[in-house]
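Engineer:
Residue numbers (this note's numbering): 275 to 836.
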């Protein structure tokens with residue numbers, strides 16, 4: 275923040291110098307120093323991401339705004355981020371009639387406007403200007419190359435492949451074939467789904483959409499069976515729901531490869547994702563709003579804006595964006611409810627957030643195993659293990675046993691049974707989960723630690739924990755479990771080594787502090803043991819049973835408390 279203010283002050287000082295010189299050498303009397311405060315406020319608001327306030331300040335000095343390009347650029351940027359893309363374009367057009375535009379984003383917006391209105395010949399001239407001002411070897415150059423390639427595609431209806439961008443090149447090529455309705459389209463989309471690294475499941479939507487456009491409904495249904503009902507993305511779950519319910523017309527209502535605007539909107543959504551992955555959430559929203567301007571029908575993309583606002587701690591913008599989704603939007607409406615619930619939980623607490631959730635559930639039209647899975651997790655987080663089990667039961671009964679999610683739900687339900695001390699049921703679920711997925715490190719850890727706590731199957735638990743540790747050597751919970759297993763087998767030196775490592779990663783965790791206190795006591799380091807027991811007591815996460823046990827240890831020492 276300090277450096278932001280310094281940068282703004284530098285701009286203001288430069289502005290004062292140039293405006294003073296300007297007033298002496300020009301007859302233009304637009305500038306008045308009383309506007310300086312509003313300019314400064316506009317810049318601070320812009321830098322702090324409060325773009326709506328920045329626009330208000332900029333508008334209050336609009337009579338001179340266009341005489342100072344630096345401020346005009348920020349004004350335009352704020353308009354786009356506030357999803358006022360058309361207004362930003364109109365402002366640029368008016369500005370451009372007086373001054374030659376010389377920045378990338380303004381040129382980009384004029385280009386987008388011409389593309390939206392199918393003025394492809396004009397786009398070539400705008401791209402010529404854009405190339406002069408872009409910064410080489412940045413996303414700007416990539417965007418320029420993409421727009422140049424696609425504009426030529428739209429003009430001459432021929433493939434214009436873009437090389438040197440790896441998987442991105444293949445994505446861009448797939449949409450070019452789709453636009454031309456080439457028979458190779460399905461193959462190119464299918465190839466995207468087979469990439470070894472990264473999540474490219476989004477392109478399954480476009481693959482299925484292409485199949486439906488060719489009336490290949492049976493093939494679309496077969497492909498949709500591959501979509502996991504719990505762990506898939508929102509768009510995949512919506513796709514699965516539409517196909518299962520024969521709502522094939524819904525695909526073309528939000529996207530078609532025949533539309534230049536729809537394809538360009540998807541490309542700008544891709545660029546928005548790139549910025550979001552780099553944690554540049556404002557620029558992500560900038561390009562996302564351009565995407566929405568080109569294709570407002572694909573409102574599901576606004577879930578990315580929601581995530582950006584959430585990560586930027588902009589609750590008001592988040593709530594406003596979430597209202598884009600209603601009960602007709604299937605799983606996206608559940609996404610909205612869950613986000614609003616999370617905000618309420620953080621601001622109002624458990625009772626109000628659960629009351630809100632229960633009210634919304636009464637009117638929820640969609641029935642999805644994903645919803646019951648999420649509800650199971652929510653109730654488990656509130657330690658209402660009975661209700662979590664009820665919802666996990668419904669989720670399990672709604673999916674096939676060969677689903678990748680089946681073992682995961684068993685693991686979570688088993689954890690709820692374990693917390694209720696229904697150990698027979700807990701072990702049954704956890705062992706079945708391991709039968710389905712023998713090497714799952716977190717299931718191995720949970721079951722083994724549960725056995726350690728009950729002081730049964732110690733040797734088997736140790737083997738399971740070492741197997742889990744081989745896969746997750748930096749996971750503090752697994753490290754703690756291994757240390758505790760060594761403690762129970764009275765190998766205190768190894769126990770101290772592992773528990774110390776867990777403590778370094780989670781220094782405030784009450785269980786790890788308690789465990790480390792125990793091993794300190796056994797190593798005859800009584801003072802240190804009491805220090806770590808007290809540290810465990812000071813944690814807000816310490817449960818009643820743990821507090822009682824530690825108080826006994828502090829009074830009587832370890833052996834007498836056991």
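C-beta atoms are modelled at their ideal positions from N, C-alpha and C, and glycine is treated no differently.
Treat the numbers as computed from the prediction; the structure is a model and nothing was measured.
(1) Mapping the DSSP letters down to three states, classify residue 476 as helix, strand or coil.
(2) Between the beta-carbon of residue 247 and the beta-carbon of residue 498, is there less than 9 Å?
(3) With residue 356 as the anchor, note down where its alpha helix (DSSP H) starts and where it stops.
(4) Three-state secondary structure (DSSP) at residue 828?
(5) Could you tell me the distance, in whole angstroms, from the CA atom of residue 466 to the CA atom of residue 541?
(6) Under 8 Å, with one C-beta from each stretch per pair, do the stretch 640-656 and the stretch 597-613 reach the 3-pair mark?
(7) Buried or exposed for residue 476, please, with buried defined as at least 16 other CB atoms from any protein chain shown within 10 angstroms of its CB.
(8) Does the stretch 522-540 come into contact with the stretch 650-664, if we say contact requires no fewer than three beta-carbon pairs (one atom in each stretch) closer than 8 Å?
(9) Taking the alpha-carbon of residue 681 as reference, which of 718, 813, 652 and 696 has the nearest alpha-carbon?
(10) Is the beta carbon of residue 631 closer than 9 Å to that of residue 577?
(11) So, with DSSP's three-state summary, where would you put residue 505?
(12) Relative to the alpha-carbon of residue 488, which residue among 531, 504 and 822 has its alpha-carbon at the smallest distance?
(13) Please state whether DSSP places residue 819 in a helix, a strand or coil.
(14) Should residue 549 and residue 413 be called a contact, given that it needs their Cβ atoms to be closer than 9 Å?
(15) Could you have a look at residue 642 and say whether DSSP puts it in helix, strand or coil?
(16) Is the beta carbon of residue 800 less than 9 Å from the beta carbon of residue 831?
(17) When DSSP labels each residue in this structure, what does residue 588 get in the three-state scheme?
(18) Ordered along the chain, which non-local residues of its own chain (more than five positions away) have a Cβ less than 7 Å from that of residue 546?
(19) State the Cα-Cα distance for the pair residue 615 and residue 574, rounded to the nearest angstrom.
(20) Can you look up residue 410 in the DSSP assignment and give me helix, strand or coil?
(21) How is residue 672 classed by DSSP in three states: helix, strand or coil?
(22) Quick check on DSSP: helix, strand or coil for residue 452?
(23) Is the Cβ-Cβ distance between residue 417 and residue 382 less than 9 Å?
(24) Flag this pair as yes or no: are the beta carbons of residue 753 and residue 773 separated by less than 9 Å?
(25) Out of 797, 807, 768 and 778, which one is the CA nearest neighbour of residue 787?
(26) The alpha helix (DSSP H) spanning residue 910 covers which residue range?
(27) Where residue 514 and residue 715 are concerned, what is the direct C-alpha to C-alpha distance, given to the nearest angstrom?
(28) In angstroms, rounded to a whole number, what distance separates the CA positions of residue 693 and residue 683?
(29) So, are the CB atoms of residue 779 and residue 748 less than 9 Å apart?
(30) Determine the contact status of residue 569 and residue 603, defining contact as a CB-CB distance below 9 Å.
(31) Could you spell out the range, first to last residue, of the alpha helix (DSSP H) harbouring residue 499?
(32) How long is the line joining the alpha carbons of residue 377 and residue 350, rounded to whole angstroms?
(33) Rounded to whole angstroms, how far is the Cβ of residue 484 from the Cβ of residue 463, which I believe are closer than 8 Å?
(34) First and last residue of the alpha helix (DSSP H) that includes residue 527?
(35) My understanding is that residue 486 touches residue 522, with C-beta atoms under 8 Å, so please give their C-beta distance in whole angstroms.
Structural biologist: Looking at the coordinates:
(1) For the purposes of this step, residue 476 is taken as the residue at position 202 of the chain shown. Of the three classes helix, strand and coil, the one that applies to residue 476 here is helix, per DSSP.
(2) The first residue shown for the chain is 275 and the last is 836, placing residue 247 beyond what the model contains.
(3) Position 82 of the chain shown holds residue 356. Counting along the chain, residue 356 sits inside no alpha helix (DSSP H), nor does DSSP assign it H or E at all.
(4) Walking along the chain shown from the start, residue 828 turns up at place 554. For residue 828, the secondary structure class from DSSP, reduced to helix, strand or coil, is helix.
(5) Looking up residue 466 in the chain shown gives position 192. Looking up residue 541 in the chain shown gives position 267. Spanning the two alpha carbons is a distance of roughly 15 Å.
(6) By the Cβ criterion, the stretch 640-656 is in contact with the stretch 597-613, since at least three pairs of Cβ atoms, one from each stretch, lie closer than 8 Å.
(7) For the purposes of this step, residue 476 is taken as residue 202 along the chain shown, with counting starting at 1. Flag for residue 476 reads buried.
(8) Three or more Cβ pairs closer than 8 Å define a contact, and the stretch 522-540 falls short of that threshold against the stretch 650-664.
(9) By one-based count along the chain shown, residue 681 stands at place 407. Measuring from the Cα of residue 681, the nearest candidate turns out to be 718.
(10) For this step, residue 577 is matched to residue 303 along the chain shown. For this step, residue 631 is matched to residue 357 along the chain shown. Inclusion of residue 577 and residue 631 in the CB contact set at 9 Å is not warranted, their separation being larger than that value.
(11) In the chain shown, residue 505 corresponds to position 231, counting from 1. Coil, per DSSP.
(12) Translated into the one-based positions of the chain shown, residue 488 becomes position 214. Comparing Cα positions, the closest option is 531.
(13) The residue you call residue 819 lines up with position 545 of the chain shown. Per DSSP, reduced to three states, the secondary structure at residue 819 is helical.
(14) Along the chain shown, one-based indexing puts residue 549 at 275. Along the chain shown, one-based indexing puts residue 413 at 139. The beta carbons of residue 549 and residue 413 sit closer together than 9 Å.
(15) On the chain shown, residue 642 is found 368 positions in, with the first residue counted as 1. Residue state, collapsed to three classes: coil.
(16) By 1-based counting over the chain shown, the position of residue 800 is 526. By 1-based counting over the chain shown, the position of residue 831 is 557. Judged by their CB atoms, residue 800 and residue 831 are nearer to each other than the 9 Å cut-off.
(17) Residue 588 sits at position 314 when you count from the first residue of the chain shown. In this structure, residue 588 counts as coil in the three-state DSSP scheme.
(18) Numbered from its first residue, the chain shown carries residue 546 at position 272. Listed in chain order, the non-local C-beta contacts of residue 546 below 7 Å within the same chain comprise 558, 561, 562, 565 and 578, local neighbours out to five positions each way being set aside.
(19) Within the chain shown, residue 615 is the residue found at index 341, counting from 1. Within the chain shown, residue 574 is the residue found at index 300, counting from 1. Their backbone Cα atoms lie some 19 Å apart in a straight line.
(20) As a position in the chain shown, residue 410 is number 136, starting the count at 1. Three-state DSSP puts residue 410 in coil, outside helix and strand.
(21) Locating residue 672 in the chain shown gives position 398, where the first residue counts as 1. Three-state result, residue 672: coil.
(22) Position 178 of the chain shown, counted from the first residue, corresponds to residue 452. The answer is helix: DSSP assigns residue 452 an H, G or I state.
(23) As a first step, residue 417 must be located in the chain shown, where it is residue number 143. As a first step, residue 382 must be located in the chain shown, where it is residue number 108. The Cβ atoms of residue 417 and residue 382 lie closer than 9 Å to each other.
(24) The residue labelled residue 753 in the question sits at position 479 within the chain shown. The residue labelled residue 773 in the question sits at position 499 within the chain shown. The criterion of a C-beta distance shorter than 9 Å is satisfied by residue 753 and residue 773.
(25) Within the chain shown, numbered from 1, the residue matching residue 787 stands at position 513. Of the candidates 797, 807, 768 and 778, the one whose C-alpha sits nearest the C-alpha of residue 787 is 807.
(26) The chain is shown only over 275 to 836; residue 910 falls outside these bounds and no answer can be derived.
(27) The residue given as residue 514 occupies position 240 in the chain shown. The residue given as residue 715 occupies position 441 in the chain shown. When the Cα atoms are used, residue 514 and residue 715 turn out to be separated by approximately 30 Å.
(28) Position 419 of the chain shown, counted from the first residue, corresponds to residue 693. Position 409 of the chain shown, counted from the first residue, corresponds to residue 683. One alpha carbon belongs to residue 693, the other to residue 683, and they sit about 15 Å apart.
(29) For this step, residue 779 is matched to residue 505 along the chain shown. For this step, residue 748 is matched to residue 474 along the chain shown. Taking 9 Å as the Cβ cut-off, residue 779 and residue 748 qualify as a contacting pair.
(30) Your numbering for residue 569 matches position 295 in the chain shown. Your numbering for residue 603 matches position 329 in the chain shown. Taking the C-beta atoms as reference points, residue 603 is found no nearer than 9 Å to residue 569.
(31) Within the chain shown, numbered from 1, the residue matching residue 499 stands at position 225. Residue 499 -> no alpha helix (DSSP H), and no H or E assigned at all.
(32) The residue given as residue 377 occupies position 103 in the chain shown. The residue given as residue 350 occupies position 76 in the chain shown. Our two residues, residue 377 and residue 350, have alpha carbons roughly 11 Å apart in a direct line.
(33) As a first step, residue 484 must be located in the chain shown, where it is residue number 210. As a first step, residue 463 must be located in the chain shown, where it is residue number 189. Indeed they touch by this definition, with Cβ atoms about 6 Å apart.
(34) Position 253 of the chain shown, counting from 1, holds the residue named residue 527. Note, residue 527: alpha helix (DSSP H), 523-528.
(35) Stepping through the chain shown from its first residue, residue 486 is reached at position 212. Stepping through the chain shown from its first residue, residue 522 is reached at position 248. Approximately 5 Å separates the beta-carbon atoms of residue 486 and residue 522; this is inside 8 Å, confirming the contact.
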